[in-house]
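Q: Chains as they are written, first to last, in the numbering used here: chain A, 1 to 371; chain D, 372 to 742; chain U, 743 to 1113; chain V, 1114 to 1484.
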């Protein structure tokens, strides 16, 4: 995940944008075929000194300017005319937004894969324990018997729903950005819409109805969906960590060598996976709020609001993915003490009738499959 | 909107829940038909002293307990056995969550109606000004010519998208809550799932795969969608208020009698509609973050997290609706000074070629219709 | 608290502003003594139809305009010239900001009183249980023995610190606002600074170095301090609710008649006080963030940002005070089961040596007194 | 700033903690003098493979465990008994919290220096332009004349206040953490309080009344203060960027070579410094809210809440400092067009009487010096 959002990947994505732009413009007759081929090839081969480029980008306030300068120089060494065709009709934000979406697509793929795997583990847990009695607790007080499978099915349905929302929002958000200086697609001789469609297809992104330079609801939807993913995982972590309290002792994170130890107490077994997920669930809302707060961006390119989005969205991806990675082994190898669950339930003195818990679990699992 | 979320409506919704519960249980044979009829009728007629009930609810920490007590007393006056069938198998959270969803459905309907009306006005604006030149401004600096219709089309597509997301999230979230004390639907003799389906249909809500006592992603999705609505409106307000600056003077909120005046400067014409929308856009993100932060709720009913959601969600509905109501007249009657737009553009010295702006607007409008 | 921030109190505070303004201007020779007396007297006696005024204020976008109109009419009925002296040199924001600060002063007084009372109860708890052994728990796992007094002393020091910060921020924030239309104090013939000093003294507020129309750090500091108060109380609530879990059973909220019950489970004893404090601690951060987000206000009066502050700050006061009121009886009457604490500690198998816990508690309590 | 919070500095601070602990324990007779000397010397010389250590720390969930293991091995190579004295009585959180406070102290020093320099520049601006007329603008509409010095004095007082609050919060927060496994200072034979006092003095931190493992108001106060710094700078950036709009053209960021350019429009001069400050002001509130949300931490060490704080606080320091660094040259070299200010004011038709603006500025500047 850190690789996907690292400097090398970002520059890779920016160069992919420039290559795709040149190729699409060649098909539409705006750039000669050999010029486009040279540009695209140079995008693959141009050597980049990461540290120097990063410094220039920080100074310039945008990556595109120093990157395009390098690219033009490298292309121009072979064909001076072609150098003038680099980045034709595009603007810095086109590169930055498209690169971010290319990275988001890769990162989202990892998250989806891991969430799917998590739902498999949760469904197995729900099924296996549909009839395992455990104390239901409301407001942190013993309330009525439930089954552990019902609890796991609740976790599952929340992850199902968070996953579905995330996929929906990815589909809305993962759009090519191509608008030029002020979003008018000027300077492409009336072929710009066709160029955009070709580029989007080549890059595996959607083609928006119009450039989205200050229409940031897609990014905001993605941010909210990632925060809900973190929250759904935080809910599992909350419950597991409460069940793992020594006085309750009903379920535990699996032991992992060299993890969850204490520098002062060697007897301890800390719920480290839950800690990561809960920490992510605490951090995600403020980040999502930041992206929501940035929505009212000024005119054709926001000042401050737009620039705030990128690093915050990246952080949300990293936190959400970190939480899934942390909770996967917790759920897949959760240690369950059914005898203790039953003993605590008897201790609670609230009977053992868990109502329709098992039926609810089975019906929910069946309906998931049916969909 | 304030009526929908007022005390009277809340109690009305809670009583609708109890009536629907009794009726559905009668069909499923859990309650005698005449008992259910008496309960339902009493739900319509029971007199409620709002102030006293509100105080008791605040003290008890829940509305359901004092309300059900009143209902049982009123039913018991006619039929003592029927009193025991009131609220059968349900818990306070069932009433509270379902009532909130009934209110959210009504409130959402108002928001959707007003947003649809707004999109009509925005589409008209985009079409009428597809070729009206105006300065495109990026990072608050004059950049390149665009058309005013392109700007309006950008506002439109953001509202379209915010509206579509809100409707999607309403569909996911507007679910009956019926789980009983710990979400197991105990005490309904195996007929609970059928009861839930009947109740949901009667109340016009969805029937979830399982009770969602601590699965709050639906609420969180709704909160995020409302914040995005506020942000999309805030974006329009940001632009209009910048265009209305005296030194720019390209577009203005319509004059409204006794609005936008100043207690010290009678010559002023303040952008009061924009002010309301921008204020909502500033307040919504923190509220959405609160609901996201509340996601990891403990076990079968959260302590603090659940209780935080209700008032915050209501506030989001009220703010989002207030913003739509404020921006509707602004957009519908926006005063546009096309001559000044053109004059400012000439002043900017960046030519008048707005590229494919007009084509983009027309293509976007056509594709909206096609969908 | 709701009274302090109710419509009646707000109008009262606004009229106090106008009366103090007229009186101070009389001393400085800007208004005749009899005119000022009439204005001040009318401020006390002018009848206000709350519902009508509220509607007009909502429409106008400011309370001051319709209120000053009423006041001028009432004054003018007795002395037409005096009517022209009402609100002389002031602007709507002067009235709104000063009224909010007057309300904040009253509300802060209540919070301080209750927090002081809470620290007394916490100090007694810390002292009484300095040597009562209990399991220390880190990352929700049994760790090492501590004393319950150490835990209570930790709660106490956090409340001490939150209280000290809140008082500091009150002192910085509770300032008169008087600047006139654009903060220049125009129209007071060079006597404006003297007028402001007199008004501030009369109203019991500080006199700022300059008007603070868009310098909102005082409000932001207050918001942060209130959120920290809520967090310090939330920490106590978190611990008490965890200790009150049935499997732990070491401490409990006192029983309160008709509170903490369940509509479905009569055996339950819910931690309702903790619930209120935790709910406040979840809601406060988003509200504080809103006020922080509003800081970069435009020029001499912000559009949207300024208007967002008032209701949000009020909500923070109400939540923080609600949390103190909820936790006071919890702490003052906390039921402690020292035998169970000891039994759980033995069960944990981590010995009973709580190190320097008792000494730490005593030293902390002594140093608090010394300061 | 990135150096201060880099991995090398973090490890340096952690080793400083261990060295100071051993030395203080030697004075108090808990560790032999030669053992302490060996430990302290090894802290200076032990070679650390950053990449490997970072991986182990991520896996273990804490830096202290793998670091202390390395330190013990290195010390043990010279003196096996001394190895057992490394980290004596301390726990991971002691190291982590103290290291963070050492870093915060350095970072805070940089911020204070730059803010002081900024206030010098702002005061000069206020003084020089105390009588330079400019349009006062409220709600983004021309309102009444003010002087540019009044605007600058407003910026100045907000920075003054933000700086004072930050220094106050630094003083409260920059405390040694030393509590041992559960905050009882066990295992130091009754000398722990004396050890803590010696360590605090040696490290240049305050010594708290008690360990603050779950008493996080100091961190929260710091977070809020940093967000207010960002907001005060964001306010300046908001105003400068509005003044720099082409249609207003009253003040401009200084030109910096290779900064603020556009990849598509070479004529543009973007307000890049303002952009950085506004972006920071948008991001800071969500981060401050996160730290506030983490306050109610469980028992003697929070699960998730504590772990969320560190990276978020670091981000706040980096953003706040980045904003000061960005705005320093903007303010120090602000290009002011007084003729245009006057021309726009005449255009506004609101006269040129700026009331007591100049007197207010001079009185405020004088009172700042007097304090």
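Just so it is clear, CB atoms sit at the ideal spot from N, CA and C, and this is done for glycine as well.
Please read these numbers as outputs of a predicted model, since none were measured by experiment.
1) From residue 1163 of chain V to residue 920 of chain U, what distance separates their C-alpha atoms?
2) What does the alpha-carbon distance come out to for the pair residue 360 of chain A and residue 124 of chain A?
3) From which residue to which residue does the alpha helix (DSSP H) around residue 1095 of chain U run?
4) Between residue 1249 of chain V and residue 925 of chain U, which are expected to be in contact by the criterion C-beta below 8 angstroms, what is the C-beta distance as a whole number of angstroms?
5) Report the residues of the region 339 to 369 of chain A with a CB closer than 8 angstroms to any CB of chain D, ordered along the chain.
6) Tell me the rounded alpha-carbon separation between residue 441 of chain D and residue 998 of chain U.
7) Below 8 angstroms between beta carbons: does that hold for residue 1021 of chain U and residue 679 of chain D?
8) On the DSSP bridge list, what partners appear for residue 490 of chain D?
9) Would a C-beta distance cut-off of 8 angstroms place residue 656 of chain D and residue 162 of chain A closer than the cut-off?
10) Using beta carbons (cut-off 8 angstroms, strictly below), is residue 990 of chain U in contact with chain A?
11) For residue 504 of chain D, which residues does DSSP report across the bridge?
12) Tell me, which residues are paired with residue 376 of chain D by DSSP?
13) At which residues does the alpha helix (DSSP H) containing residue 1387 of chain V begin and terminate?
14) By the criterion of Cβ-Cβ separation under 7 angstroms, what are the contact partners of residue 1054 of chain U in chain D?
15) For residue 274 of chain A, go through chain V and note every residue whose CB falls closer than 7 angstroms to its CB, in chain order.
16) Could you check the C-alpha separation between residue 720 of chain D and residue 1360 of chain V for me, to the nearest Å?
17) Could you name the residues that DSSP lists as bridge partners for residue 142 of chain A?
18) Can you give me the Cβ contacts of residue 35 of chain A inside the same chain, cut-off strictly under 6 angstroms, excluding the 5 residues immediately before and after it?
19) Please list, in chain order, the chain U residues whose beta carbon lies closer than 8 angstroms to that of residue 140 of chain A.
20) Does the beta-carbon distance from residue 1062 of chain U to residue 971 of chain U come in below 8 angstroms?
21) Closer than 7 angstroms between beta carbons: that is the criterion. Which residues of the region 142 to 158 of chain A meet it against chain D?
22) Taking only beta-carbon positions, decide if residue 1274 of chain V is within less than 8 angstroms of chain U.
23) Just how far apart, CA to CA, sit residue 138 of chain A and residue 389 of chain D?
24) Mind checking the region 1220 to 1237 of chain V against chain A and listing, in chain order, the residues whose C-beta falls within less than 9 angstroms of any C-beta there?
25) Tell me which same chain residues have a C-beta within less than 8 angstroms of the C-beta of residue 475 of chain D, skipping the five on either side of it?
26) If contacts are defined as beta-carbon pairs under 8 angstroms, then residue 1066 of chain V and residue 1156 of chain V qualify, I think. What distance do you get, rounded to the angstrom?
27) Determine the direct distance from the alpha carbon of residue 111 of chain A to that of residue 75 of chain A, and round the result to whole angstroms.
28) Using CA atoms only, rank isn't needed, just tell me which of U:766, U:889, U:1011 is closest to residue 143 of chain A.
29) Please list the segments of the beta strand (DSSP E) lying wholly inside the region 170 to 199 of chain A, counting only runs of 3 or more residues, in order along the chain.
30) Assuming residue 624 of chain D and residue 505 of chain D are in contact, meaning their beta carbons sit under 8 angstroms apart, how far apart are those beta carbons, in whole angstroms?
31) List, in chain order, every chain U residue whose beta-carbon is nearer than 8 angstroms to that of residue 237 of chain A.
32) I want to see whether chain A comes within less than 8 angstroms of residue 629 of chain D, judged by CB atoms only; does it?
33) According to DSSP, is residue 1334 of chain V helix, strand or coil?
34) Please report the Cβ distance between residue 186 of chain A and residue 24 of chain A, rounded to the nearest whole angstrom; I am assuming they are in contact, meaning their Cβ atoms lie under 8 angstroms.
35) Please list, in chain order, the chain D residues whose beta carbon lies closer than 8 angstroms to that of residue 1340 of chain V.
A: Taking the coordinates as given:
1) 57 angstroms
2) 15 angstroms
3) Unbroken run through residue 1095 of chain U: none, as it is neither H nor E.
4) 7 angstroms
5) 353, 354, 355, 356, 357, 359, 360, 361, 363, 364, 367, 368
6) 21 angstroms
7) yes
8) Paired residues: none, contrary to the question.
9) no
10) yes
11) D:518
12) DSSP output for residue 376 of chain D lists no bridge partner at all.
13) 1385 to 1406
14) 654
15) 1416
16) 12 angstroms
17) A:137
18) 82, 85
19) 983, 984, 986, 987, 1013
20) yes
21) 143, 144, 146, 150, 153, 154, 157, 158
22) yes
23) 22 angstroms
24) none
25) 541, 544, 545, 593, 684, 688
26) A question about residue 1066 of chain V goes unanswered here, because the residues of chain V that appear run from 1114 up to 1484.
27) 37 angstroms
28) U:1011
29) none
30) With 8 angstroms as the limit, residue 624 of chain D and residue 505 of chain D do not qualify as a contact, their Cβ atoms being about 17 angstroms apart.
31) Residues of chain U passing the Cβ test: none, with the nearest at roughly 11 angstroms.
32) no
33) helix
34) Not confirmed; about 16 angstroms, so no contact.
35) Within chain D, no residue comes near residue 1340 of chain V; the closest Cβ sits about 13 angstroms away, beyond 8 angstroms.
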